[in-house]
Structures are given as C-alpha cells and as structure tokens.
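To start, the structure itself, in structure tokens.
Residue numbers (this note's numbering), protein chains in the order written: chain W, 1 to 113; chain P, 114 to 228.
Here it is as structure tokens:
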C-alpha cells in the first residue's frame with residue numbers, strides 16, 4: 001500500500017490561477033518533500049519541510065505540513081505554462097544511510113494559456 | 114557543482130537481450146547512490162541503493178542487478194530483459210550524513226522500451 005498519496009490525480013487550470021495539491025501519508029516522518037517532474041525529465045525537489053515546521057515557502061510555492069492529520073499541501077500561485085508537470089510528495093522516515101524516500105503516485109497538473 | 118549524467122538517454126531492446134544502464138556523479142565524494150524505476154505515468158520505485166564502492170543493496174526484486182565499480186559510478190544491468198522492464202530508469206544521489214533529510218538529486222533518466 002502507498003505510504004504517501006497525492007490528490008487529486010489530475011488538475012487543469014489556466015495561467016495566472018492558483019492551485020493546491022494535497023498529500024496524505026501513513027507513517028511518522030522526519031521530513032516531507034515535494035518534487036516536480038516535467039515530461040521526459042528526472043524529478044527535481046521543490047520544497048523540503050521538516051516535521052517541526054508548519055509552513056515553507058519558495059517563491060510562488062507554499063507548502064504546509066500538519067503532522068497531527070498526517071497531511072501536507074503544496075500551493076502554487078500565479079501559475080505559468082511551465083508549471084505543467086507531475087507533482088509528487090515524498091516522505092522520509094529514516095535518518096539512516098539509505099535515506100529512504102517514498103513517493104506517492106503524483107498529481108498531474110496542466111496549466112493552459 | 115555536482116552533476117549527474119545517465120546513459121544512454123533511450124534504448125529499444127528485444128525481450129531476452131541484455132541491458133546495461135550507467136550513471137556518473139561528478140563533484141561529490143562518496144555519495145549515496147540509488148536506482149529508481151518509473152512505469153509510464155507511475156510512481157517512482159526504488160530498486161537499489163549503495164552507500165559505498167562495491168556495496169549494493171536490493172530493495173525490489175525485478176530480475177535486475179546493480180553494481181558500483183567506482184565511487185562515482187553506478188551500473189544497472191540484466192542478462193535477459195522482460196517486457197515488464199520497460200519504463201524510465203532514474204539514477205539519484207543523496208548526502209551520506211546521518212540526520213540527512215534525504216533530498217535526492219536525480220539524473221535525466223534513461224527511457225527503456227522492451228519489444
């Protein structure tokens with residue numbers, strides 16, 4: 001079973017609109033990361049939010065973390081066509097040498113002009 | 114600056130044929146290295162990880178093997194490809210330190226099509 005899961009499965013917005021992707025997870029975590037993967041490329045980390053943080057920002061991106069409900073959200077404001085990608089949340093539940101990162105299935109975001 | 118390079122970018126192979134995919138990391142000494150597999154439209158599944166030269170741990174059994182012949186090189190291979198091996202293979206590295214929050218730095222990936 002998935003340890004992290006994003007919803008919705010897919011989203012479509014117009015440029016300039018804001019959008020939020022949600023993530024729920026099932027384990028106690030040390031941190032949660034949001035990655036973006038554009039078509040044909042490897043994923044790139046957007047935001048890392050530690051378990052003792054509630055909110056983190058990176059430009060137009062804002063991530064929240066609620067450890068009591070084991071959920072996180074990633075909001076993108078003023079979306080652009082280049083934000084079109086699959087967005088993954090990934091949870092870190094080991095501080096050992098194999099930094100075990102478990103990815104969800106992703107949310108496919110389409111931004112239309 | 115660290116760079117990660119994967120090769121080949123894409124391969125089309127026949128069922129039953131051998132495969133070798135490679136990954137090189139420059140600018141980082143003794144990183145943790147990982148192989149991930151991604152089916153089309155799917156999630157990222159960790160296959161192998163390595164914390165040092167010569168040591169590779171298998172996470173999922175998919176009739177694949179991995180080796181780390183040098184500190185900066187990670188190889189994924191199989192003697193006999195299956196149709197189910199098709200997908201996108203991603204190499205990644207992370208910091209070794211304990212307490213690391215596990216950020217992964219991915220390569221550009223190798224797309225494999227098995228016919």
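C-beta: ideal position from N, C-alpha, C; glycine also.
Selected residue, minimal CA-CA separation from residue i, among the options
i                     : options                   : result
residue 141 (chain P) : P:198, P:186 and P:151    : P:186
residue 105 (chain W) : P:158, P:181 and P:205    : P:158
residue 18 (chain W)  : W:37, W:35, W:3 and W:83  : W:83
residue 192 (chain P) : P:184, P:176 and P:181    : P:176
residue 57 (chain W)  : W:34, W:44, W:42 and W:38 : W:34
residue 45 (chain W)  : P:139, P:194 and P:218    : P:218
residue 160 (chain P) : P:118, P:137 and P:172    : P:172
residue 113 (chain W) : W:102, W:81 and W:92      : W:81
residue 29 (chain W)  : W:3, W:88 and W:107       : W:3
Residue i burial status per 10 Å Cβ neighbour count (16 or more: buried)
i                     : result
residue 9 (chain W)   : exposed
residue 223 (chain P) : buried
residue 133 (chain P) : exposed
residue 167 (chain P) : exposed
residue 123 (chain P) : exposed
residue 50 (chain W)  : exposed
residue 6 (chain W)   : buried
residue 127 (chain P) : exposed
residue 220 (chain P) : buried
residue 114 (chain P) : exposed
residue 226 (chain P) : exposed
residue 68 (chain W)  : exposed
residue 102 (chain W) : buried
residue 74 (chain W)  : buried
residue 203 (chain P) : buried
residue 228 (chain P) : exposed
Distance between beta carbons of residue j and residue i, contact taken as under 8 angstroms
i                     : j                     : result
residue 32 (chain W)  : residue 72 (chain W)  : 5 angstroms
residue 62 (chain W)  : residue 78 (chain W)  : Going by Cβ atoms, the distance from residue 62 (chain W) to residue 78 (chain W) rounds to 12 angstroms, so no, they are not a contact pair.
residue 143 (chain P) : residue 165 (chain P) : 7 angstroms
residue 85 (chain W)  : residue 37 (chain W)  : 6 angstroms
residue 130 (chain P) : residue 145 (chain P) : Not quite, the Cβ-Cβ distance comes to about 30 angstroms (not below 8 angstroms), so this is no contact.
residue 190 (chain P) : residue 199 (chain P) : In fact, because the Cβ distance is near 16 angstroms, the residues do not count as touching under 8 angstroms.
Residues that DSSP places opposite residue i in a beta bridge
i                     : result
residue 190 (chain P) : P:133 and P:178
residue 24 (chain W)  : W:5 and W:71
residue 165 (chain P) : P:168
residue 19 (chain W)  : W:76
residue 48 (chain W)  : W:33
residue 183 (chain P) : P:186
Contact test: residue i Cβ vs the ligand MG heavy atom, cutoff 6 angstroms
i                    : result
residue 92 (chain W) : Questions concerning the ligand MG fall outside what the structure shown contains, since it holds no ligand whatsoever.
Practice problem: Tell me the start and end of each unbroken beta strand (DSSP E) in the stretch 65-105 of chain W that is at least 3 residues and wholly inside, in chain order. | Solution: 71-76, 85-92 and 101-103
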